[in-house]
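Structure record follows, encoded as structure tokens.
Protein chains in written order, with our numbering: chain A, 209 to 321; chain B, 155 to 267.
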């Protein structure tokens, strides 16, 4: 059974650009969550999608957005990139609820120059 | 609002020694508690979780944690450290509002031969 797949693995962008990251959850999983990991702020929750609907949202500016498709694949978009957006972006999937095991992908390392 | 505090950003133990990683949380509702491990250049892997029931939780790789409500703690232990345990460990809390985890700052465990 394939794990959570995130693409691309590495990404380099410049300030002001926008970026789209992709996440394919484990087959059958309907919940996809996104987290940002930085040395300074640690792991922070961005948002969660369940059956194509955003179920929870963290405390990030509107430049950060996401969506989920009918096949449960998810994308997150960051517009008008800032230097501080440089981070490892992790995607996690589960079948449905918070008491279930989250399966994490290896992440997309975004560097903003 | 929930929060998680992990005491000690770095912990060093000798191989074969006891591992104790500390986690204290705050939550306005009965919490769900988790420990995750992250190896270099990888995503997070669930070690164990507490939802309801028995307060002593056993996880993978010989780790266990005890939920102590009176102390708002969920410390992670392992009787005998192995070199392969060297990694970063994260404690997290959820209020079951979907897959929205609040993580602690992480503890990097180093194991000396």
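Glycine included, C-beta positions come from ideal geometry on N, C-alpha and C.
Predicted model, so just to flag it, every value in this text is computed and none were measured.
- If you look at residue 277 of chain A, you'll find it isn't in any beta strand (DSSP E); DSSP assigns it neither H nor E.
- When the beta-carbon positions are compared, residue 223 of chain A and residue 318 of chain A stay at least 8 Å from each other.
- The alpha-carbon separation between residue 301 of chain A and residue 233 of chain A amounts to approximately 5 Å.
- Residue 262 of chain A and residue 224 of chain B have their C-alpha atoms spaced approximately 35 Å apart.
- Residue 257 of chain B is positioned such that its CB atom lies no closer than 8 Å to that of residue 179 of chain B.
- Shown in chain order are the members of the region 191-213 of chain B whose Cβ falls below 8 Å from a Cβ of chain A: 195, 196, 197, 198, 199, 200, 203, 205.
- Put simply, the backbone Cα of residue 175 of chain B is about 15 Å away from that of residue 200 of chain B.
- For the set B/171, B/194, B/206, B/160, the Cα lying nearest the Cα of residue 241 of chain B is the one of B/194.
- Assignment of beta-bridge partners to residue 311 of chain A by DSSP yields A/301.
- Within the same chain, 276 come within 6 Å of residue 260 of chain A by CB-CB distance, once the 5 residues on both sides are set aside.
- By the Cβ-count criterion, residue 321 of chain A is exposed, with fewer than 16 other Cβ atoms from all chains shown falling within 10 Å of its own Cβ.
- In the displayed model, residue 178 of chain B falls within a strand according to three-state DSSP.
- Cβ proximity to chain B below 8 Å picks out 258, 263, 264, 266 from the region 257-283 of chain A.
- Chain-order list of chain A residues neighbouring residue 162 of chain B: empty, with the shortest C-beta distance near 14 Å, by a criterion of under 8 Å.
- The alpha-carbon of residue 254 of chain A is positioned some 23 Å away from that of residue 202 of chain B.
- Taking the CA atoms as reference points, residue 247 of chain A sits about 12 Å from residue 163 of chain B.
- DSSP places residue 285 of chain A in the strand class (E or B) of the three-state scheme.
- With contact defined as three or more Cβ pairs closer than 8 Å, the region 156-170 of chain B and the region 208-218 of chain B are not in contact.
- In this structure residue 192 of chain B is not in contact with residue 314 of chain A, their Cβ atoms being roughly 10 Å apart against a cut-off of 8 Å.
- Within its own chain, the residues whose Cβ lies closer than 7 Å to the Cβ of residue 268 of chain A, once the five positions on either side in sequence are excluded, are 254, listed in chain order.
- Within the DSSP bridge table, the entry for residue 244 of chain B names B/190 as partners.
- DSSP places residue 245 of chain A in the uninterrupted beta strand (DSSP E) bounded by 239-246.
- No Cβ of chain A is located within less than 8 Å of the beta carbon of residue 178 of chain B.
- When DSSP reads this structure, residue 263 of chain A sits in no beta bridge, so it has no partner.
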